[in-house]
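Numbering (the UniProt record's numbering), first residue to last: 1 to 118.
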């Protein structure tokens, strides 16, 4: 089972009359445990592993570039157009977003894909 989580990285700013990128920091774990509150759940404490991340690179919704990070066996691959690069799991932290509210060009996790361990 695949769980897809979409992080809302763009917001319409009324005073600017346009969408802006929300580059705030969102720390997403490599393992995610979701607790099911339903009494008839077959696996109430299902564990998920992060298997892919779509990253938005740029300063706004109408400009920028998308890259993908995908787990393959025990390592991670970063896909940027025709360039494929092997990266460490710790490198994923670079895509959490910015630690300050300063609006600038950033590379931020946008869509997260988790796979159930069952």
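Yeah, the Cβ is synthetic: ideal placement off N, Cα and C, and Gly gets one too.
| Query | Result |
| --- | --- |
| If I'm right that residue 79 touches residue 67 with Cβ under 8 Å, what's the distance once you round it to whole angstroms? | 6 Å |
| Given a threshold of 16 other Cβ atoms within 10 Å of its Cβ, counted over all protein chains shown, does residue 12 qualify as buried or as exposed? | exposed |
| May I ask which residues mark the beginning and end of the beta strand (DSSP E) holding residue 33? | 31-35 |
| Hey, residue 86 and residue 60 are a contact pair by Cβ (cut 8 Å); roughly how many whole angstroms apart? | 30 Å between Cβ atoms; not a contact. |
| So who's on the other strand from residue 69, going by DSSP bridges? | 53 and 78 |
| Out of 3, 9 and 4, point me to the one whose CA is closest to residue 107's CA. | 9 |
| Alpha carbon to alpha carbon, what distance is there between residue 4 and residue 57? | 19 Å |
| Quick one: what does DSSP say residue 115 is sitting in, helix, strand or coil? | strand |
| Residue 1 to residue 63, Cα distance in whole Å? | 33 Å |
| Quick check: residue 48 and residue 110, are their CB atoms within less than 7 Å of each other? | no |
| Spatial neighbours of residue 27 within its chain, please: CB distance less than 7 Å, with the 5 preceding and 5 following residues excluded, ordered by chain position. | 96 |
| Hey, would you say residue 46 sits closer than 7 Å to residue 116, going by beta carbons? | yes |
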